[in-house]
């Protein structure tokens, strides 16, 4: 997120910040060394933010636990810049399809259309209260670290149900464990029942529900 913000500030602001950093290094070299030290891992190498996120969220385990069949049609709701989208596309394979949605169209532009061995990826900007998914078309709808941002979990889940393939479609929800109880309660109120749950993630739950 910080990198995105830097991309969108003016060049003048970036130069001003650079000057401030240089002055700080000249006048307070110890502070800069301390900051640099905090950015190092225990091995002495700089920490990679992506690797840290992967260690925390374990996207490999999430996708494996979803048991996505080749040829599946998957919706990645709240996909952002596509943290999970391409992994889902690999699982669905070239005969599948992945629709990545988000309210931020600029983030979706970073996802791309899918590479070799992946399902085609379609990106779709949507409004905050409308999933924007066509009816009856999805084997799996995934909400990863999304449900706590919804204005009304219950109303949003109710709108997702018509998009599921009748008799086989499912909704997977993954988030930090503190959000499990409220989203499960909302799902049950709209007629979605728990079908499976994976408990092998470090700090998240992964719950599947279906009509």
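Numbering (the working numbering), first residue to last: 9 to 219.
Beta carbons are placed, not taken as given, at the ideal position from N, Cα and C, and that holds for glycine.
The structure displayed is predicted, hence computed values, not measured ones.
The beta carbon of residue 202 lies closer than 6 Å to those of 217 in the same chain, with the five residues before and after it left out.
Put simply, of 124, 200, 110 and 118 the residue whose alpha carbon is nearest the alpha carbon of residue 153 is 110. For residue 63, the uninterrupted alpha helix (DSSP H) run begins and ends at 57 to 65, by DSSP.
Under the DSSP definition of a beta bridge, residue 215 partners with 181 and 205. Classified as buried, residue 131 has 16 or more neighbouring CB atoms from the shown chains inside 10 Å of its CB. Residue state for residue 169 is assigned as helix, using DSSP reduced to three classes. Per DSSP, residue 152 is not a residue of any alpha helix (DSSP H); the beta strand (DSSP E) it occupies stretches across 148 to 152. The beta-bridge partner set that DSSP reports for residue 129 consists of 106.
Shown here for residue 69: same chain residues with a beta carbon closer than 7 Å to its own, the five before and five after excluded, namely 208 and 209 in chain order.
The shortest C-alpha to C-alpha distance from residue 80 to any of 156, 134, 88 and 71 is the one to 71.
In the same chain as residue 136, and ignoring 5 residues on each side of it, the C-beta atoms closer than 7 Å to its own belong to 111 and 159, in chain order. Looking at the DSSP output, residue 84 sits in a beta bridge with 108 and 150.
Here residue 178 has 147, 148, 149, 172, 203, 216, 217 and 218 as same chain residues with Cβ atoms under 8 Å from its own Cβ, once five neighbours each way along the sequence are excluded. With contacts defined by Cβ atoms closer than 8 Å, residue 102 and residue 125 form a contacting pair.
Inclusion of residue 99 and residue 93 in the CB contact set at 8 Å is not warranted, their separation being larger than that value. When rounded, the separation of the alpha-carbon atoms in residue 133 and residue 145 is 18 Å.
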